[in-house]
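Below is one structure, written out as structure tokens; the observations come after it.
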Amino acid sequence: MKQQAPKGTQDLLPEVTLNWQYVERTFEDLCKLYGYEEIRIPTFEHSEVFQRGVGETTDVVQKEMYTFEDKGGRSLTLRPEGTAGVVRAYVENGMGSKTSPQRLFYVITAFRYENVQKGRYREFHQMGVEAFGAKGPHIDAEVLAMLDHYFEELGLKDYALHINSIGCPNCRAQYREALLAYLRPKKDQLCQDCQNRMEENPLRVLDCKEKSCQDVTKDAPLILDYLDEECKDHFDTLKGLLDDMGISYKVDPRIVRGLDYYTKTVFEFVSENVGTQGTICGGGRYDGLVEALGGPSTPGIGFAMGEERLLMELEAQGLVKPHSLETTLYIANLNDAAHTEAQALAQALRRRGISVQYDLMDRSLRAQMKYAGKNNMDYILVLGEDELARGKVMLRSLVDRDKEEVEVGLHDIDTLAEILAED
RNA sequence: GUGGGAUUAGCACAGUUGGUUAGCGCGCCAGAUUGUGGCUCUGGAGGUCGUCGGUUCGAAUCCGAUAUCCCACCCCA
Numbered sequence: 028m029k030q031q032a033p034k035g036t037q038d039l040l041p042e043v044t045l046n047w048q049y050v051e052r053t054f055e056d057l058c059k060l061y062g063y064e065e066i067r068i069p070t071f072e073h074s075e076v077f078q079r080g081v082g083e084t085t086d087v088v089q090k091e092m093y094t095f096e097d098k099g100g101r102s103l104t105l106r107p108e109g110t111a112g113v114v115r116a117y118v119e120n121g122m123g124s125k126t127s128p129q130r131l132f133y134v135i136t137a138f139r140y141e142n143v144q145k146g147r148y149r150e151f152h153q154m155g156v157e158a159f160g161a162k163g164p165h166i167d168a169e170v171l172a173m174l175d176h177y178f179e180e181l182g183l184k185d186y187a188l189h190i191n192s193i194g195c196p197n198c199r200a201q202y203r204e205a206l207l208a209y210l211r212p213k214k215d216q217l218c219q220d221c222q223n224r225m226e227e228n229p230l231r232v233l234d235c236k237e238k239s240c241q242d243v244t245k246d247a248p249l250i251l252d253y254l255d256e257e258c259k260d261h262f263d264t265l266k267g268l269l270d271d272m273g274i275s276y277k278v279d280p281r282i283v284r285g286l287d288y289y290t291k292t293v294f295e296f297v298s299e300n301v302g303t304q305g306t307i308c309g310g311g312r313y314d315g316l317v318e319a320l321g322g323p324s325t326p327g328i329g330f331a332m333g334e335e336r337l338l339m340e341l342e343a344q345g346l347v348k349p350h351s352l353e354t355t356l357y358i359a360n361l362n363d364a365a366h367t368e369a370q371a372l373a374q375a376l377r378r379r380g381i382s383v384q385y386d387l388m389d390r391s392l393r394a395q396m397k398y399a400g401k402n403n404m405d406y407i408l409v410l411g412e413d414e415l416a417r418g419k420v421m422l423r424s425l426v427d428r429d430k431e432e433v434e435v436g437l438h439d440i441d442t443l444a445e446i447l448a449e450d
């Protein structure tokens, strides 16, 4: 029976992996520019890490986790995101006693049991950063500047940065009461989902897309009016810093974020083209998370970017440029002796960093030429009786038809490598 | 978890009111007087029509279930 990949997973074939390498390398290079170092964390954690880290009341934890029991009776969960695991690692390895701030980046797969749609899979890829130890708004601004820089590097257009502050637990508690006081009398006008989640997490009612709920919340009190002095300062300073750097943004008081750990600054980069899966990057500050996972009180901020969505967007904008590969040479070998010689020649050239292929299928010269053409080889070199007898080969460009063939000694590896390395 | 649409060769698709050996294009392989690609021409390989079950003399076609994909809700990256 033919096997299928599980629902929500996908194979990434050679036609597209170059694009993935492109966005990931660009990201990694940029991370290094901003002082971030890579961390690699386990694919699964004790379920508790996510229950406590992401938040018991969140949809992610309540209905989207791949949780299983291992043979030792432990409850484990495939990571539904990166932050909780990175924070766990930060705490477990005592990284707080290294120099602060600690800046970490990661490129991971993550897993959520959700219904599949375009730009949404059960196994998906995220690139993200986490910065620990800095509590002021400058790091917030820097993180946003870094993302701005990244998108500029990729040439991405038609996206918007939305920011908000959801305050610290203190202002949030007060705001929560105010919001509940506003919502309770209007409860029967809300959709069923919102009625259910109202008491548990009333902030989420704010970004409900149901028209009736939006009507109800249109005049609801805004969190921004309930920030205490410190949180308000933080947010105002951040906005000023963004203005100074010329980074445009929109304050969107309805951004709430479905993960419990966020405090103060939250943000999203939203595509203006793509439909419902338009959020290509989301993040924010999480000043209580390190402590919640058993570490010392430590502020933190980070973001995660959905690679599938980013690539969708880049593709829609015609921006995925294939990596320019190094020069490639094809050796057409026409008989057994030539095959042996081709192999030796290929190895010698590969040792000098030239990408070389030769015939392994005993094909005719004509067929070999076709193969070289279809596989975008830059140069070809025919190896047959004549060449072996004379000890010389003709090096011809397949890219530039006008380029003259060059005769080179068969064993003159240095000259061959030199010519090939020129392009 | 809920609702709608789809599933025929590696890819993109035809397939008449159920009726012989299920087709086209691209791709793949081979050849076009025996050593020079991308064009053209010729030939070839490749499908238990997603899967299982039912109706029927007969099912790619009708019915049911299931899997997967797409779209929307929900949620998020």
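Quick note on my numbering: the first sequence kicks off at 28 and runs consecutively.
Even for Gly, the Cβ is constructed at its ideal location relative to N, Cα and C.
- No residue range can be given for residue 348, since it is assigned to no beta strand (DSSP E) and is classified by DSSP as neither H nor E.
- Here residue 87 is buried, its C-beta having at least 16 other C-beta atoms within 10 Å.
- Annotated three-state conformation of residue 366 is helix, per DSSP.
- In the DSSP assignment, residue 90 falls within the alpha helix (DSSP H) that extends over 86-90.
- Separation of residue 202 and residue 254 (C-alpha to C-alpha, rounded to the nearest whole angstrom) is 8 Å.
- Residue burial annotation: residue 108 is buried, with at least 16 other C-beta atoms found within 10 angstroms of its C-beta.
- Unbroken alpha helix (DSSP H) runs of no fewer than 4 residues, entirely contained in the stretch 224-285, are found at 238-244, 256-272, following chain order.
- At a Cβ-Cβ threshold of 8 Å, residue 164 and residue 264 count as neighbours.
- Taking the Cα positions, residue 317 is about 22 Å away from residue 136.
- Residue 291 is classed as buried because its beta carbon has at least 16 other beta carbons within 10 Å across all chains shown.
- The beta strand (DSSP E) runs of length 3 or more contained entirely in the stretch 112-175 are, from start to end of the chain, 129-138, 150-159.
- Here the alpha carbon of residue 272 sits roughly 41 Å from the alpha carbon of residue 74.
- Inclusion of residue 384 and residue 406 in the CB contact set at 8 Å is not warranted, their separation being larger than that value.
- Comparing alpha carbon positions, the residue from 329, 151, 410, 382 closest to residue 172 is 329.
- Secondary structure of residue 186 (DSSP, three-state): strand.
- Here the alpha carbons of residue 46 and residue 418 stand approximately 41 Å from one another.
- Taking the C-beta atoms as reference points, residue 32 is found no nearer than 8 Å to residue 155.
- Rounded to the nearest whole angstrom, the CA to CA distance from residue 132 to residue 366 is 47 Å.
- Rounded to whole angstroms, the gap between the alpha carbons of residue 65 and residue 54 is 11 Å.
- The beta carbon of residue 177 sits closer than 6 Å to those of 57, all from its chain and outside the five residues before and after it, given in chain order.
- Within the same chain, and ignoring the five residues on either side of residue 96 in sequence, the residues whose Cβ sits closer than 7 Å to its Cβ are 102.
- The C-beta distance from residue 282 to residue 194 rounds to 13 Å, too long to fall under 8 Å, and the pair is not in contact.
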